[in-house]
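Notes for the one structure printed next.
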Amino acid sequence: MRIGILGGGQLGRMMALAGYPLGIRCTVLDPVAESCAAQVCSHIRSEFDDFQALYQLTQVSDVVTYEFENVPVESAQWLAERVAVFPPPRALEVSQDRLTEKTFLRDLGIPTPLFAAVEEQYQFENALREIGRPAVLKTRRFGYDGKGQAVIRTEADASRAWEKLGGRPLILEEFVPFDRELSLIAVRGRDGQVVAYPLVENEHRDGILHRSIAPAGDTAEELGERAAEYAARVLGELDYVGVLAIEWFQEGSRLLANEMAPRVHNSGHWTLEGAHTSQFENHLRAVCGLPLGSCEPVGWSAMFNVIGNMLPVAEVLRNPHAHLHNYGKTPRPGRKVGHITLRASDAEELYEKLPEWSLAFHRPPLGEE
Ligand code: AMP
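Those letters in the sequence shown? Residues 1134 to 1502, by this note's numbering.
Quick look at the structure:
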């Protein structure tokens, strides 16, 4: 099988690497010459709306997929008229706009934080009255890793937030005083079979994922079942094929959906060593119409992102349990350049070792060393 991937970042790279043992060859389409996926598979260098290049991609692909959700929907639709495209372009459409996404989830009966659409200043003021403070103002589109959002606790915050973000289509959300952030990665095959990994616990720093623990500690089985049932509703509604990630806020026994990603996800990187089948392999299996692999975890895993600049390899590997993934990217502040996964045989061992691992793999931001 030949897979075309829109986007050539680390997600595309790990997908391409997962394809090799299965005899699956990937081609990424990405405008950036030094795309890190291009180091490991074929690369068509082009913008995502260059139809000549998209046509070229159809000529080398049996199936086309994406590794990031801001691919133009028109490009995905154009491709879908010529070649199998999974997940369906509608999944892109829903997840590209925070308002469409939250409305879609709410309409499926999936709990979300309270939210309101904001375009004009009077709508902002009304929404703030309705939702109350603290609240979070976010751009509807092109926000990721905490970019394009502002937390509003005071009146002064409200003016500042409007100054920063006003003039664009926005969404105001209640600020959820969550106990923790969780995510669920589910996969749907071409035959409609659905499988899901266990819930993962995520810790963000400066809006960027810092660490994932899988399975999430102290999670009532019921919570995981509920999240998987919600995910199955989304997958069914979209007639989805491939990996879907949904991020949640847990507040007591409440589970509120924050956002979804129609692609493999950073909080699923632990599956490379920590599950019977990785999310990358399962995504490829799904889009190729192959049977899905087991999502059973193998022990307990902790995944740390390496942000900004790569840690010295020898330093990481001094820990005999460390699995290092270096994406081959140029260092830049706030950039995800790699990740490290460590596995323990049970929760007790994981939590015992976690402080030491956290210390070893913490890196001061670029410029602060
Ligand atoms: P997002 O880009 O929506 O994933 O937001 C990035 C991070 O900001 C999340 O992972 C949360 O830590 C925080 N955040 C976003 N929305 C809310 C909210 N409504 N309440 C509390 N924290 C939030």
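Glycine included, each C-beta is placed from N, C-alpha and C at the ideal position.
May I ask you to check if the CB of His-1456 is nearer than 7 Å to at least one heavy atom of the ligand AMP?
Position 323 of the sequence shown, counted from the first residue, corresponds to residue 1456. Checking the Cβ of His-1456 against the ligand AMP gives no.
Where His-1416 sits in the DSSP three-state scheme:
Reading the sequence shown from its first residue, position 283 is the one you call residue 1416. Of the three classes helix, strand and coil, the one that applies to His-1416 here is helix, per DSSP.
Quick one: grab the DSSP three-state call for Glu-1448.
Taking the sequence shown and counting its residues from 1, the one referred to as residue 1448 is at position 315. Reduced to three states, the DSSP call for Glu-1448 is helix.
Identify which residue in Leu-1212, Thr-1160, Val-1197, Ala-1171 has its Cα closest to the Cα of Gln-1185.
By 1-based counting over the sequence shown, the position of residue 1185 is 52. If we check each option's Cα against that of Gln-1185, Leu-1212 comes out closest.
Can you have a look at Asp-1324 and say buried or exposed, based on whether 16 or more other CB atoms are within 10 angstroms of its CB?
What you label residue 1324 is simply residue 191 of the sequence shown in a count that begins at 1. Burial state of Asp-1324 is exposed, judged by a 10 Å Cβ sphere holding fewer than 16 other Cβ atoms.
Going by beta-carbon coordinates alone, are Leu-1487 and Gly-1322 separated by less than 8 Å?
As a position in the sequence shown, residue 1487 is number 354, starting the count at 1. As a position in the sequence shown, residue 1322 is number 189, starting the count at 1. Cβ distance not < 8 Å, so Leu-1487 and Gly-1322 don't count as in contact.
Counting C-beta neighbours from all protein chains within 10 Å, is the total for Arg-1146 16 or more, i.e. buried, or is it exposed?
Within the sequence shown, the letter at position 13 stands for residue 1146. By the 10 Å Cβ count, Arg-1146 comes out buried.
Return the bridge partner residues of Thr-1160 from the DSSP annotation.
The count along the sequence shown starts at 1 and reaches residue 1160 at position 27. Thr-1160 is bridged to Gly-1137, Ser-1175.
Within a Cβ cutoff of 6 Å, which residues of the same chain sit near Pro-1246, ignoring the five residues on either side of it in sequence?
Residue 1246 sits at position 113 when you count from the first residue of the sequence shown. Within the same chain, Pro-1246 has close Cβ partners Glu-1306, Glu-1307, Val-1309, Leu-1389.
How about Cys-1169 and Lys-1462: are their beta carbons less than 8 Å apart?
On the sequence shown, residue 1169 is found 36 positions in, with the first residue counted as 1. On the sequence shown, residue 1462 is found 329 positions in, with the first residue counted as 1. Going by C-beta atoms, Cys-1169 is nearer than 8 Å to Lys-1462.
Closer than 7 Å: is that where the CB of Glu-1399 sits relative to any heavy atom of the ligand AMP?
Your numbering for residue 1399 matches position 266 in the sequence shown. Note that residue 1399 is Asn in the sequence shown, not Glu. Result no, Cβ not under 7 Å from the ligand AMP.
Go to Met-1147, then tell me how far its alpha helix (DSSP H) extends in each direction, as first and last residue.
Start at 1 with the first residue of the sequence shown, and residue 1147 comes out as number 14. 1143-1152 is the extent of the alpha helix (DSSP H) around Met-1147.
Leaving out five residues on either side along the sequence, give the residues of the same chain with a beta carbon under 6 Å from the beta carbon of Val-1320.
Counted from its first residue, the sequence shown places residue 1320 at position 187. Only Val-1328, Val-1376, Asn-1415, Ala-1419, Leu-1425 meet the Cβ criterion.
Go to Gln-1256, then tell me how far its alpha helix (DSSP H) extends in each direction, as first and last residue.
To locate residue 1256, count along the sequence shown from 1; it is residue 123. From DSSP, the alpha helix (DSSP H) with Gln-1256 extends over 1254-1264.
Coil, strand or helix - Pro-1430 by DSSP
Position 297 of the sequence shown, counting from 1, holds the residue named residue 1430. Reduced to three states, the DSSP call for Pro-1430 is strand.
In terms of residues, what are the limits of the beta strand (DSSP E) holding Ser-1345?
On the sequence shown, position 212 is the one that residue 1345 refers to. Where Ser-1345 is concerned, the enclosing beta strand (DSSP E) stretches over 1341-1347.
Please classify Tyr-1330 as buried or exposed, where buried requires at least 16 other C-beta atoms within 10 Å of its C-beta.
Here residue 1330 refers to the residue found at position 197 when the sequence shown is read from its first residue. Buried is the call here.
Cut-off 8 Å between Cβ atoms - residues of its own chain near Thr-1160, not counting five sequence neighbours on either side
Taking the first residue of the sequence shown as position 1, residue 1160 is located at position 27. The residues are Arg-1135, Ile-1136, Gly-1137, Ile-1138, Cys-1174, Ser-1175, His-1176, Ile-1177, Leu-1190, Val-1193, Ser-1194.
As assigned by DSSP and simplified to three states, the class of Asn-1203:
As a position in the sequence shown, residue 1203 is number 70, starting the count at 1. The answer is coil: DSSP assigns Asn-1203 none of H, G, I, E or B.
Determine the burial state of Tyr-1460: buried for a count of at least 16 other Cβ atoms within 10 Å of its Cβ, exposed for fewer.
By 1-based counting over the sequence shown, the position of residue 1460 is 327. Flag for Tyr-1460 reads buried.
Bridge-paired residues (DSSP) for Asp-1230
Reading the sequence shown from its first residue, position 97 is the one you call residue 1230. BP columns for Asp-1230 point to Arg-1274.
Which stretch, first to last residue, makes up the alpha helix (DSSP H) that contains Val-1367?
Working through the sequence shown from its first residue, we reach residue 1367 at position 234. Element bounds for Val-1367: 1354-1370.
Uninterrupted beta strand (DSSP E) stretches inside the region 1306-1337 (no shorter than 3 residues):
Within the region 1306-1337, the complete beta strand (DSSP E) runs of at least 3 residues are 1313-1321, 1327-1329.
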